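**Student:** In my numbering, the protein residues as written are 32 to 551.
#1: For residue 470, which of 452, 483, 536 has the nearest alpha-carbon?
#2: To the nearest angstrom, how far is it from the Cα of residue 309 to the Cα of residue 156?
#3: On the criterion of 16 or more Cβ atoms from any shown chain inside 10 Å, does residue 131 qualify as buried, or is it exposed?
#4: Roughly how many angstroms separate the alpha carbons of residue 199 and residue 232, rounded to a whole number?
#5: According to DSSP, is residue 523 part of a helix, a strand, or is it coil?
#6: When the Cα atoms are used, what is the spatial distance from residue 522 to residue 307?
#7: What alpha helix (DSSP H) runs, 4 residues minimum, are completely inside the region 179 to 230?
#8: If you measure from the CB of residue 216, is any heavy atom of the ligand MN nearer than 7 Å?
#9: Roughly how many whole angstroms lie between the Cα atoms of residue 208 and residue 228?
#10: Keeping to the same chain, check which residues put their C-beta closer than 7 Å to that of residue 331; ignore five residues upstream and five downstream.
#11: Residue 134 lies in the alpha helix (DSSP H); which residues open and close that run?
#12: Beta-carbon separation of residue 428 and residue 408 under 8 Å?
#13: Could you name the residues that DSSP lists as bridge partners for residue 410?
#14: So the candidates are 159, 124, 148, 151; which of them puts its Cα closest to the Cα of residue 137?
#15: Can you give me the Cβ contacts of residue 243 inside the same chain, cut-off strictly under 8 Å, excluding the 5 residues immediately before and after it?
#16: Could you check the C-alpha separation between residue 498 and residue 466 for me, to the nearest Å?
#17: Measuring CA to CA, which of 303, 492, 101 is closest to residue 411?
#18: How big is the Cα-Cα spacing for residue 151 and residue 178?
#19: Confirm, please, whether the CB-CB distance from residue 432 to residue 383 is below 8 Å.
#20: Tell me which same chain residues have a C-beta within less than 7 Å of the C-beta of residue 184, skipping the five on either side of it?
#21: What residue does the alpha helix (DSSP H) around residue 345 start on, and which one ends it?
#22: Could you compute how far the alpha carbon of residue 265 sits from the alpha carbon of residue 435?
#23: Can you tell me where the beta strand (DSSP E) holding residue 147 begins and where it ends?
#24: If we call anything under 8 Å between Cβ atoms a contact, is residue 124 one with residue 104?
#25: Which same chain residues end up closer than 7 Å to residue 64 when comparing Cβ atoms and leaving out the 5 residues on each side of it in sequence?
#26: In the DSSP assignment, find the alpha helix (DSSP H) that holds residue 296 and state where it starts and stops.
#27: If you draw a straight line from the alpha carbon of residue 78 to that of residue 93, how long is it in whole angstroms?
#28: Here's the rule: buried if 16 or more other CB atoms are within 10 angstroms of the residue's CB, otherwise exposed. What is residue 202?
#29: Note down, in chain order, each residue of its chain lying with its Cβ closer than 6 Å to the Cβ of residue 166, except the 5 sequence neighbours on either side.
#30: Per DSSP, what kind of secondary structure is residue 252 in: helix, strand or coil?
#31: Return the bridge partner residues of residue 18 from the DSSP annotation.
#32: What do you get for residue 535, buried or exposed, if any count of 16 or more other CB atoms within 10 angstroms of its CB means buried?
#33: Provide the residue span of the alpha helix (DSSP H) that contains residue 375, from first to last.
#34: Give every residue of the same chain whose Cβ lies closer than 7 Å to the Cβ of residue 60, excluding the five residues on either side of it in the sequence, and list them in chain order.
#35: Tell me where the alpha helix (DSSP H) around residue 123 begins and ends.
#36: Could you check the C-alpha separation between residue 513 and residue 500 for me, to the nearest Å?
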């Protein structure tokens with residue numbers, strides 16, 4: 032590990048923290064120190080150079096790539112020394128020896144034979160303070176996470192009481208878990224964590240009733256935008272604003288609340304606690320605003336952490352996550368670059384400490400794990416063959432599959448999504464360039480596993496979507512009771528970067544004929 036570069040990164044946080052800390056009142060200082068680990072987590076995954084994915088997490092892992100058996104992350108400790116407010120302890124995360132396993136055993140041994148639970152499965156503040164100091168992460172919310180994992184593993188069993196005020200620690204279950212190997216124990220913890228995340232996410236009234244831990248597992252294994260996670264969690268992609276009651280909060284507040292749920296019960300457990308994913312927060316870190324947010328809700332401890340963070344734009348699996356899920360490691364290229372350019376990385380960190388470097392493009396391409404393809408948006412103009420009057424330009428992210436893009440086209444053009452269909456990528460209709468749906472028995476490339484990024488599309492490129500035996504009120508077949516085959520002509524109008532605060536897919540432009548239809 033390059034101590035110079037890592038120390039500089041940690042000093043960046045300390046300097047930002049000290050700036051807000053000095054101007055705070057005594058009560059606010061106590062709160063600020065109490066939530067310092069949460070602020071550090073937010074900073075660790077946030078962009079430190081505006082408009083890029085240059086994050087402390089990316090740079091830290093690049094510096095720590097060599098000589099580490101697993102993945103390393105700094106754990107923040109609040110010290111009592113006047114000269115040094117924080118201490119950063121590097122923790123190594125591996126499948127064989129993950130700190131979550133040790134922390135869980137530490138908790139269970141501390142509360143044997145029983146643990147007194149407050150409402151919402153919380154614990155007494157005195158016990159929480161004592162046990163938290165013995166854990167790898169000094170975070171009461173992490174303690175609550177471990178309690179929930181223990182309950183789902185049967186290591187804590189609530190007594191049959193209305194208030195469930197006591198949870199026992201079964202000796203046989205504890206001994207059985209302690210005897211598990213490192214990888215087996217960690218797999219059990221991850222499974223329980225996913226169960227906890229699903230249970231919490233399903234408190235949202237419009238959550239997909241079919242949401243299962245397996246859905247999270249499949250999503251964790253690849254780079255994914257938060258929009259894709261929302262689609263998985265929600266019951267449907269399109270919400271009708273008319274479904275909202277008049278006495279509900281504004282729509283933006285509802286989506287913000289959903290973002291908090293995703294952050295607290297998906298991004299934080301899987302990223303910060305288990306280190307399976309690396310979230311990406313594109314907005315630059317601003318500790319003053321984060322601190323003010325905590326101070327405003329000082330009396331509401333249950334909401335403090337849900338208010339603290341905005342949702343991440345997207346995330347990528349870490350080296351540990353790729354190993355656990357058996358997917359392609361996304362750190363390999365990063366590690367290779369780090370070995371040949373450590374001095375350059377450290378120099379970059381020094382520049383960031385003094386001010387943003389002027390030329391950020393090399394930084395974006397070299398030292399960010401956010402590959403360009405993961406953030407590409409394709410603006411694709413869609414229209415029926417032979418009809419130039421009806422068209423829409425749909426913006427869709429590159430990680431979307433051809434099947435999800437087809438569903439979007441069906442929604443926008445009122446087509447039957449259960450129809451058989453195929454994409455042809457060549458102008459001459461060459462069958463070797465065809466991607467077919469599951470209804471087609473021919474052995475062709477499948478739309479369910481092919482993303483737009485995988486097609487290597489270029490601006491102005493044209494391709495065709497054939498929809499077989501479909502029906503739509505927009506198109507006149509001559510026979511109102513008969514469906515017909517439809518060819519949709521598609522053209523890539525523009526390729527651009529994703530925009531913060533924008534949900535995809537969406538219609539960017541549409542023809543005047545569609546405006547007339549909508550007005551009718």
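All C-beta atoms in this analysis are idealised placements derived from N, C-alpha and C, irrespective of residue type, glycine included.
What you are looking at is a predicted structure, and each value in this text was computed from that prediction instead of being measured.
**Tutor:** Let me lay it out:
#1: 452
#2: 30 Å
#3: buried
#4: 27 Å
#5: strand
#6: 37 Å
#7: 202 to 209
#8: Only the bare structure without any ligand can be found here, which leaves the ligand MN out of the picture.
#9: 21 Å
#10: A caution first: residue 331 carries a pLDDT of 43, below 50, which makes its placement in the model unreliable, though a value can still be read off. None.
#11: 130 to 142
#12: yes
#13: 426, 525
#14: 159
#15: 229
#16: 12 Å
#17: 492
#18: 11 Å
#19: no
#20: 208, 219, 223
#21: Run containing residue 345: none in the alpha helix (DSSP H); it sits in the beta strand (DSSP E), 345 to 348.
#22: 15 Å
#23: 145 to 147
#24: yes
#25: 109
#26: Here residue 296 belongs to no alpha helix (DSSP H), and DSSP marks it neither H nor E.
#27: 15 Å
#28: exposed
#29: 134
#30: coil
#31: Outside the shown range of the chain (32 to 551) lies residue 18, about which nothing can therefore be said.
#32: buried
#33: 373 to 385
#34: 52
#35: First-last for residue 123: 117 to 124, but that is the beta strand (DSSP E), not the alpha helix (DSSP H).
#36: For residue 513, the pLDDT reaches just 49, beneath the cut-off of 50, and the residue's location in the model is therefore unreliable, leaving the point undetermined.
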